[in-house]
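Going by full-length UniProt numbering, the first residue of the sequence shown is number 1, and it counts up by one from there. Built from N, CA and C at the ideal position, the CB exists for glycine as well. Computed from a predicted structure; not experimentally measured. Below: one structure, written as structure tokens.
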Amino acid sequence: MRHLTRPTGVALAAIGIQALMVFAFTAPTVHNAPHRVPLAVSAPAPARGAVELRLEQAAPGAFAVHEVADEGAARAALADREAYGAVVVTTQGPHMLVASAASPTVATLLTQVGSHLAATGSDSSAQVTDVVPASAADPHGAAFTSMVLPLVMSALIGGVLLTIKLPRLRERVLATLLFALGGGTAVTLIASHALGFLPGSFLPVAASIAVPILAISAFSIATASLIGRYGFALAGAIMMLLSNPLSAASSAPQLLPTPWGRIGQDLPAGAAATLIRSTAFFHGHGAGHAEVVLGVWVAAAAAMMAAAGVRGWLRTRTHADHGTHAGHGTHTSHGAHAAHAAHPGRGAEVAEVVSLTAARGTSGVRA
Numbered sequence: 001m002r003h004l005t006r007p008t009g010v011a012l013a014a015i016g017i018q019a020l021m022v023f024a025f026t027a028p029t030v031h032n033a034p035h036r037v038p039l040a041v042s043a044p045a046p047a048r049g050a051v052e053l054r055l056e057q058a059a060p061g062a063f064a065v066h067e068v069a070d071e072g073a074a075r076a077a078l079a080d081r082e083a084y085g086a087v088v089v090t091t092q093g094p095h096m097l098v099a100s101a102a103s104p105t106v107a108t109l110l111t112q113v114g115s116h117l118a119a120t121g122s123d124s125s126a127q128v129t130d131v132v133p134a135s136a137a138d139p140h141g142a143a144f145t146s147m148v149l150p151l152v153m154s155a156l157i158g159g160v161l162l163t164i165k166l167p168r169l170r171e172r173v174l175a176t177l178l179f180a181l182g183g184g185t186a187v188t189l190i191a192s193h194a195l196g197f198l199p200g201s202f203l204p205v206a207a208s209i210a211v212p213i214l215a216i217s218a219f220s221i222a223t224a225s226l227i228g229r230y231g232f233a234l235a236g237a238i239m240m241l242l243s244n245p246l247s248a249a250s251s252a253p254q255l256l257p258t259p260w261g262r263i264g265q266d267l268p269a270g271a272a273a274t275l276i277r278s279t280a281f282f283h284g285h286g287a288g289h290a291e292v293v294l295g296v297w298v299a300a301a302a303a304m305m306a307a308a309g310v311r312g313w314l315r316t317r318t319h320a321d322h323g324t325h326a327g328h329g330t331h332t333s334h335g336a337h338a339a340h341a342a343h344p345g346r347g348a349e350v351a352e353v354v355s356l357t358a359a360r361g362t363s364g365v366r367a
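Below you can see the structure in the form of structure tokens.
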């Protein structure tokens, strides 16, 4: 039975990892529901309360409503990523504004709510206008969502490869920077030009992709440099079991269970999705928090690499000091034996002189 113990244990561990990954990726989607989605409302004073009441009846607790002056202000709120949609009530009836580029899922939800408002509050049909539409090549956001997972995985794999193949820390740092720059360029060429689902200016979009690659790969390298091979497992668990499932790349942070949506935006995958989406579709509006989050992860990785470098330097210096002491001890022994062989009668005196000389030399090295 002993020959079955190790295979059984390894198989059980693999089963546990698989089950954990399946749960981590499916649980947030099973419990998807809108929670305080930012929504702008522009309506005359007598109608404003009725609109908010109908919104609450249509989707209880789904929206965080804030008032804007007019339709222009509502459109500006969507363009600046301050709201996912807006309800504008005029004499012609309610008008729903959406931004499918921010989240096709939320845009679909708001369209349904707009139909409910029209049915209950006006004889005319509710007009729905997509103020910031998703890419024509990716109207449902499937390609964008499919990009985020391999982006995180490849950044992790790149960090592992650079750590294994480059033993010197300074080589790893240089290679990580090159990897991020090259990766951001390559992914942008694929997404923006070859497949055409990611709009926006080339350089800003490439930078928005390069920064998450840098954050994730640098963190992987830093953990491995600091705590050894277990660092790969730690980085992989954080990125694959927490960061990716909570990224909300396919929906919106407000659709994940509380507080996981907010936590996901503080992890690299969620910040990456927000930064890339804001840069490509919204000219950088709404990217501030994501930029800060990724900057913190890069800074943390840099600090960990610096700590690993200092520790390596101290170890090298300690080994060098031990080697120096050992060398002096060997020379002292050889000198004493040689003196005793040459002058048997005066061997003790000569040995004492050699020892004193060696002691002075050792004290000079330590200083």
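Let's see if you can read the secondary structure: which residues bound the alpha helix (DSSP H) around residue i?
i      : result
Ala248 : Per DSSP, Ala248 belongs to no alpha helix (DSSP H) and is neither H nor E.
Gly264 : Trp260 to Gln265
Arg229 : Segment: none, Arg229 is in no alpha helix (DSSP H) and carries neither H nor E.
Leu166 : No alpha helix (DSSP H) contains Leu166, which DSSP labels as neither H nor E.
Gly270 : Pro268 to Phe282
Leu78  : Glu71 to Ala79
DSSP three-state call for residue i: helix, strand or coil?
i      : result
Ile17  : helix
Thr316 : helix
Glu56  : helix
Thr91  : coil
Val113 : helix
Gly345 : Confidence at Gly345 is low in this model, with a pLDDT of 46, below 50, so its placement is unreliable and no value can be given for it.
Gly85  : strand
Leu97  : strand
Ala134 : coil
Ser201 : coil
Leu195 : coil
Ser122 : Because Ser122 sits at a pLDDT of 49, beneath the cut-off of 50, its placement in the model cannot be relied upon, and the following sentence gives the value as read from the coordinates. Three-state result, Ser122: coil.
His31  : coil
His140 : coil
Gly183 : helix
Ala302 : helix
Leu234 : helix
Pro7   : helix
Gly309 : helix
His285 : coil
Ser243 : helix
Ser103 : coil
Leu294 : helix
Leu189 : helix
Asp162 : A small fix is needed here, since residue 162 is Leu in this sequence, not Asp. Leu162: helix per DSSP, three-state reduction.
Suppose contacts are defined by Cβ-Cβ distances below 7 Å. Is residue i in contact with residue j by that definition?
i      : j      : result
Ala126 : Met153 : no
Ala134 : Pro104 : yes
Ala237 : Gly231 : no
Val65  : Val41  : yes
Leu162 : Ile221 : yes
Leu215 : Ser243 : For clarity, residue 215 is Ala in the given sequence; the question names Leu instead. Going by C-beta atoms, Ala215 is not nearer than 7 Å to Ser243.
Ala293 : Ala272 : With the sequence shown as reference, residue 293 is identified as Val, and Ala is not the correct amino acid for it. Taking 7 Å as the Cβ cut-off, Val293 and Ala272 do not qualify as a contacting pair.
Ala76  : Ala83  : no
Leu39  : Gly85  : yes
Leu275 : Ala299 : no
Phe197 : Asp138 : yes
Leu256 : Pro28  : yes
Val148 : Ala249 : yes
Gln254 : Gly261 : yes
Ser217 : Ala155 : yes
Pro245 : Phe63  : no
Val89  : Thr111 : no
Ala308 : Leu226 : yes
Thr176 : Ala206 : no
Between which two residues does the beta strand (DSSP E) carrying residue i extend?
i      : result
Pro38  : Val37 to Ser42
Ala64  : Phe63 to Glu67
Val128 : Gln127 to Asp130
Taking the C-alpha atoms as reference points, what is the distance between residue i and residue j?
i      : j      : result
Val187 : Ser208 : 11 Å
Ala280 : Ala101 : 9 Å
Pro150 : Met21  : 15 Å
Thr5   : Ala11  : 10 Å
Ala301 : Phe219 : 5 Å
Gly49  : Val30  : 33 Å
Met305 : Pro44  : 58 Å
Pro212 : Asp80  : 22 Å
Asn32  : Val113 : 17 Å
Gly61  : Leu234 : 37 Å
Ile157 : Pro46  : 58 Å
Pro259 : Trp297 : 20 Å
(message) For the structure I just gave you, are there three or more beta carbon pairs, one from the stretch 44-59 and one from the stretch 70-79, closer than 8 Å?
(response) Between the stretch 44-59 and the stretch 70-79 there are fewer than three inter-stretch CB-CB distances shorter than 8 Å, so the stretches are not counted as touching.
(message) I want to know whether the stretch 178-190 touches the stretch 134-143 - three or more CB-CB distances under 8 Å.
(response) With a cut-off of 8 Å, the stretch 134-143 and the stretch 178-190 do not count as touching, because too few Cβ pairs lie within range.
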